[in-house]
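Chains as they are written, first to last, in the numbering used here: chain A, 1164 to 1801; chain B, 18 to 290.
Next comes the structure, spelled out in structure tokens:
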């Protein structure tokens, strides 16, 4: 597999400008001659659809929900970073860039991350102009707060609903383009295959989820913005029920490289599991760690109520181990620390798999009203789910799978290894390395959609010979036949287990054997268990109904079938990365203080996997990461 | 947290498609954990139905955190169930008693045709937004974010209105199936911000016209919408909508062209299938 990241030369600060100048342009009159398919309507997909339509391209946008406003970006709580430096506390584009590179444990590209920091300020400008009601100070200017992994306040927010507000902004821009006739919106459609013609991405095959009809859609380029694969860990995940790896996986099987699949972020502050009927876990925003203090009893097995445990018998372990970042330590570190405490028997709650997040001090210092103003909706959500009042008693939290740093490999133009297939947002791998910092996902989704793809897709379209292709092309017929064959196979199994039960089993395997702390033995075991489960799935699935109707069981089964293949690739990648870095912690590679130990000499690369064919091992390739401007150091938050 | 369970009788609306007449079917739901959410209860029932070879109950859902707006059904006559400011996914079974009978039916409104069972088609709400629920700014045009201060109180009122999740419970709750709370929330959100003022009049007229065209009813002050809104959107937003609409309506048609020539047809056909 050829991997050319196409990072422009020259100083970091001028790479993007230089690249934009060197990219070919599509003239205004010619843009309407190009059809572009965008799949997904989260921050990346909706912003890309709107921005491309504003330029004059003909856009067809697809989503699996009943309306584009429901994509799972909507659930992001805490905020969005930008290097505005409004608080005058020492922030800059360079610092945002450096924090992001360091936060990712030096496994992301300098060029991409610097560009992300550069466009971050444009995003805030644009969102404010769209009417996003960000938090403001009394003078009417924008407010900021700090967030995990940063010592400056660079996070813009709208209470604990920042993702919702940003997504509704993109959605409104998208609706404006639908009204203008520039975007054709096709909701309740699921991508079941990518169609290539002459090696170029030229369309998709989708299932209409209402009627069950298989539809073909052709275009000059395809943009995937289908989000992450955290549901690989369901129910130990904060992902929405519909989030899936399907479109990315079908693209992989058509030749797109998959990068760093084992980089899966475990978020430290979720409401703990309390029953086997649970479908997923609920995130409690990281912003809570601004004022909440994390602790466990010093004594293992202490069964007292939290309020009965005196101050000197509590271990505020994040403050103790990481004094300079304390409760704001990055996610991978805070998650592992929580697991470590629970493994020592200090976990709390009925299952012993939880730690306290305590607001008593903050309420004393700031008053209940101020805490309610900052986190009211989160406290309310916590109470609804657990039946406990966090104003009175500490919250209990535990880590859960949250975000996928890994994703389809893309170059600096956000184009995959398949020409004409672009991948944006969480679905790609490019900016967060081995660990994403808080409030950076929203930034990246919108950067890709509003400020990168509008330029880079033009460069591709203007500089590429594209044959006339429509939906009657043989490649569409072939892809549709394959899709139908796969659906038929699912119905023909006629076994006795539901797709949902397989998904939960898979999640337990991945969480247990490829979760927060990994080792080779467990990874090998897990790989075998996934393969066995996949075999059982294809022998024992029961699937009600038929394909020609609204059939949520079929949707689920199709997604689980993909996850059962993909899970194995994640474990293969985890085994191949002979180091610990960021979220990927292999117990064989740790410092004396039990922190992740990187191997910069051997492992400073992006691991990219190419589909090797049915039943074959994937083919490994690497993109070396070259650091010209930052020095690789041990990532310390002490 | 208690490992308690309860036994329930469910009367669920089953309707195979928009053309099917539909009917209530009774199911016994035993051993439901009280810590489960309402949707997790339906998951449990569906797993049992599937294994028994029956068709599981179709219902829409996604985030299960009360924010995406995809879930929603009428529970014992109330959209999203009996608890205040709670979406169906955040409603928990600890609020029900052992032996209860629960009636579950879809949101009912002319503008929301049933797709299957509890799943309805709410694309009409998207069409209302398409009529004007946005600020016309292209990517790249924006001035510096702090160049236009917004009084904190206005920003907060705008935020409160903007928290609408577009679930449609207000429509389902209204005896007239009116979407005035939904429209009022969007009009208010944008009218309260200086960025939204240039298009405020046009927006109010166009969104109300589109709402009428799509078959939503009128507001006659029943206030059921406010009671059932899972996000606590206040009906003062409807009052603000009325003010914005009246202000806009008294201006002459030349001053505020609602639709540029030809656009009403485009809207009526729905550029979006």
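A virtual CB, placed ideally from N, CA and C, is assigned to each residue, including glycine.
Let me see if you follow: with CB-CB separation under 9 Å, is residue 68/B close to chain A or not? Residue 68/B counts as touching chain A.
Host alpha helix (DSSP H) of residue 1735/A (start-end): Start and end: 1715 to 1739.
Taking Cβ-Cβ distances below 7 Å as the criterion, which residues of the segment 76 to 96 of chain B are in contact with chain A? So the close ones are 77, 78, 79, 80, 81, 82, 83, 84, 85, 86, 87.
Apply the 10 Å Cβ neighbour rule to residue 1756/A and answer buried if 16 or more other Cβ atoms are within range, or exposed otherwise. Exposed, by the Cβ-count rule.
Less than 9 Å between the beta carbons of residue 1606/A and residue 83/B, yes or no? The answer is no: Cβ separation not under 9 Å.
Closest residue to residue 1275/A among 1789/A, 1534/A, 1797/A (Cα-Cα distance): Of the candidates 1789/A, 1534/A, 1797/A, the residue whose Cα lies closest to the Cα of residue 1275/A is 1789/A.
Per the DSSP calculation, residue 1299/A is bridged to which residue(s)? DSSP, once it has assigned bridges, lists 1305/A as partnering residue 1299/A.
Taking CB distances under 9 Å as the criterion, tell me whether residue 219/B reaches chain A. Taking CB atoms only, residue 219/B has no neighbour in chain A less than 9 Å away.
Roughly how far, in whole angstroms, is the beta-carbon of residue 1328/A from the beta-carbon of residue 1295/A, given that I think they are within contact range, below 8 Å? With a Cβ gap of about 5 Å, residue 1328/A and residue 1295/A count as contacting.
Label residue 282/B either buried or exposed according to how many other C-beta atoms from any shown protein chain fall within 10 Å of its C-beta, with 16 as the threshold for buried. The predicted position of residue 282/B is uncertain, since its pLDDT is 41 and thus under 50; no value can be drawn from it.
So which residues of chain A does residue 142/B contact, with C-beta pairs closer than 9 Å? In chain order: 1230, 1232.
Kindly list the residues whose CB is nearer than 8 Å to the CB of residue 1361/A, restricted to its own chain and excluding five residues on each side of it in sequence; keep chain order. Cβ-Cβ distances below 8 Å link residue 1361/A to 1630 in the same chain, with the five nearest sequence neighbours on each side left out; the list follows chain order.
For residue 1190/A, is the classification buried or exposed, using 16 other Cβ atoms within 10 angstroms of its Cβ as the cut-off for buried? By the neighbour-count rule (16 or more Cβ atoms within 10 Å), residue 1190/A is not buried but exposed.
Just the Cα atoms here: how many angstroms apart are residue 1203/A and residue 1475/A? Straight-line spacing of the CA atoms in residue 1203/A and residue 1475/A works out to 51 Å.
CA-to-CA distance, residue 258/B to residue 223/B, given in whole angstroms: Going from the Cα of residue 223/B to the Cα of residue 258/B covers about 12 Å.
Looking only at its chain, what residues have a beta carbon closer than 7 Å to the beta carbon of residue 1786/A, apart from the 5 residues adjacent to it on each side? Cβ neighbours of residue 1786/A beyond the five flanking positions: 1166, 1168, 1768, 1769, 1771.
What residues from chain B crowd round residue 1288/A, counting only those whose CB sits closer than 8 Å? Below the 8 Å Cβ cutoff, chain B contributes 159, 160, 161, 162 as neighbours of residue 1288/A, in chain order.
What did DSSP end up calling residue 1572/A once you bin it into helix, strand or coil? In the three-state scheme derived from DSSP, where H, G and I count as helix and E and B as strand, residue 1572/A is classed as coil.
With 16 as the cutoff for other CB atoms within 10 Å, does residue 1553/A come out buried or exposed? In this structure residue 1553/A is buried. Its beta-carbon is surrounded by 16 or more other beta-carbon atoms within 10 angstroms.
Which residue or residues does DSSP assign as beta-bridge partners of residue 1356/A? In DSSP, residue 1356/A forms a bridge with 1368/A.
Would you mind reading off the limits of the beta strand (DSSP E) that contains residue 1561/A? Judged by DSSP secondary structure, residue 1561/A falls within the beta strand (DSSP E) whose first and last residues are 1558 to 1567.
Whose Cβ in chain B lies nearer than 8 Å to the Cβ of residue 1305/A? Under the 8 Å cutoff, chain B gives 162, 163.
With residue 1276/A as the anchor, note down where its alpha helix (DSSP H) starts and where it stops. Annotation for residue 1276/A: the continuous alpha helix (DSSP H) segment containing it runs 1273 to 1292.
Euclidean distance between Cα positions of residue 1679/A and residue 1396/A: CA-CA distance, residue 1679/A to residue 1396/A, rounds to 11 Å.
Own chain residues within Cβ distance below 7 Å of residue 1694/A, not counting five before or after: Sequence-distant partners of residue 1694/A (beyond 5 residues in either direction) whose C-beta falls short of 7 Å from its own C-beta, in its chain, are 1731.
Residues, ordered as in the chain, of the segment 166 to 187 of chain B that lie near chain A by beta-carbon distance below 7 Å: The segment 166 to 187 of chain B vs chain A, Cβ under 7 Å: 166, 167, 168, 169, 172, 175, 176, 179, 180, 183.
With 9 Å set as the bound, which would you pick, yes or no: does the beta-carbon of residue 1296/A sit closer than that to a beta-carbon of chain B? Judged by the 9 Å Cβ criterion, residue 1296/A is in contact with chain B.
When you compare the CB of residue 1548/A with every CB in chain B, is at least one pair closer than 9 Å? Answer yes: the Cβ-Cβ gap between residue 1548/A and chain B drops below 9 Å somewhere.
Assess contact between the segment 1454 to 1461 of chain A and the segment 1518 to 1527 of chain A, defined as three or more Cβ pairs (one per stretch) separated by less than 8 Å. Is contact present? Touching, yes, given that three or more Cβ pairs across the two stretches are closer than 8 Å.
Looking at chain B, is there any beta carbon in it that lies within less than 9 Å of the beta carbon of residue 1292/A? Taking 9 Å as the threshold, the shortest C-beta distance from residue 1292/A to chain B falls below it.
Which whole-angstrom value describes the C-beta separation of residue 135/B and residue 30/B, a residue pair presumed to lie in contact below a C-beta threshold of 8 Å? Going by Cβ atoms, the distance from residue 135/B to residue 30/B rounds to 7 Å, so yes, they are a contact pair.
Please identify, using Cβ separations under 9 Å, the residues of the segment 21 to 36 of chain B that lie next to chain A, in order along the chain. Legend: CB atoms of the segment 21 to 36 of chain B lying less than 9 Å from CB atoms of chain A belong to residues 33, 34.
Three-state secondary structure assigned by DSSP to residue 54/B: In the structure shown, residue 54/B sits in a strand (DSSP, three-state: E or B).
Would residue 25/B and residue 53/B qualify as a contact pair, given that the criterion is a beta-carbon distance under 9 Å? At a Cβ-Cβ threshold of 9 Å, residue 25/B and residue 53/B do not count as neighbours.
Chain A contact residues for residue 151/B, given Cβ-Cβ distances below 7 Å: For the C-beta of residue 151/B, the chain A residues within less than 7 Å are, from N- to C-terminus, 1335, 1336, 1338, 1339.
Buried versus exposed, by CB contacts within 10 Å (16 or more), residue 1379/A: Residue 1379/A is buried by the Cβ-count criterion.
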